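A.B. asks: Counting in the working numbering, the sequence shown runs from 47 upward without gaps. Here a beta-carbon is modelled for each residue, glycine too, at the ideal position from N, C-alpha and C. This one's a predicted model, so the numbers in the text were calculated from it and none came from an experiment.
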Amino acid sequence: MERAGGTLPEVDGVNKDFFEGLANGKLLLQRCSECGSHQFYPKPWCVVCGSLDLEWTEASKEGKVYTYTIINRVIGNSKEFEKELPYAVGSVELEGGIRVYARLLAANPSSIRIGCRVVLEPRRLTDKVGLPYFRVVE
C-alpha cells in the first residue's frame, strides 16, 4: 500500500494491533500468557516457550538507548529515505528490559549516546498504521 512519501508496512492479523496502537499513540507489545515474556516484533507464537497464547499489553513510553547506528547513505533502498539523511535507528530498552527497534529522533543524530533517555513519539501514517519513533530527551 502506498502513502505520500513511501510504502506502508504490511499489516496482517498478527501485527494489526501493534500498528493500530502506534497510530493511536500507544506502544503495544505481545505478552505470553504461559511464560510471561514480552516480545517485539509481533509473532504468532511466543519466541521463548512456543505458546500461542499471547495478549497485547501497553509498554512504557520511556526508555534508554541500548544501541544505535546513524544512517548516512541509502544503498539499493527506496529513495524516500535519502531526503531524511542522516538519521538514527536503534534498540531502545524499556522498563523491565524489553527492547524494541525504532527510529531515534534528535536535532543532531551525532548527539545520541548509549544510555540517553528517550520518549515514544510515534508517527501516524494512517488511521490504522503508525510507526515507532523515540525522541531523545537528554
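Rank Glu184, Gly176, Lys129, Ala105 by C-alpha distance to the C-alpha of Leu75 and give the top, closest one.
C.D. replies: By 1-based counting over the sequence shown, the position of residue 75 is 29. Among Glu184, Gly176, Lys129, Ala105, the Cα nearest to that of Leu75 is on Ala105.
A.B. asks: Helix, strand or coil: how does DSSP classify Glu130 here?
C.D. replies: Counting from 1 along the sequence shown, the entry for residue 130 is found at position 84. Here Glu130 sits in helix by DSSP.
A.B. asks: Shortest alpha-carbon distance to Arg181 belongs to which of Lys62, Cys92, Thr113, Ala148?
C.D. replies: Translated into the one-based positions of the sequence shown, residue 181 becomes position 135. Here the closest residue by C-alpha is Ala148.
A.B. asks: Please give the ranges of any beta strand (DSSP E) in the segment 68-153, keeping only runs that are unbroken, at least 3 residues long and fully inside the region.
C.D. replies: 74-78, 100-104, 108-117, 133-140, 145-151
A.B. asks: Classify Gly109: buried if its beta carbon has 16 or more other beta carbons within 10 angstroms, exposed otherwise.
C.D. replies: Start at 1 with the first residue of the sequence shown, and residue 109 comes out as number 63. Buried.
A.B. asks: Quick check on this structure: which residue in Ser83, Val93, Tyr133 has the alpha carbon closest to the alpha carbon of Glu141?
C.D. replies: One-based indexing of the sequence shown puts residue 141 at position 95. Closest in alpha carbon position to Glu141, among Ser83, Val93, Tyr133, is Ser83.
A.B. asks: Can the beta-carbon of Thr113 be found less than 9 Å from the beta-carbon of Ser137?
C.D. replies: The residue labelled residue 113 in the question sits at position 67 within the sequence shown. The residue labelled residue 137 in the question sits at position 91 within the sequence shown. Yes; because the gap between Cβ atoms is below 9 Å, this pair is in contact.
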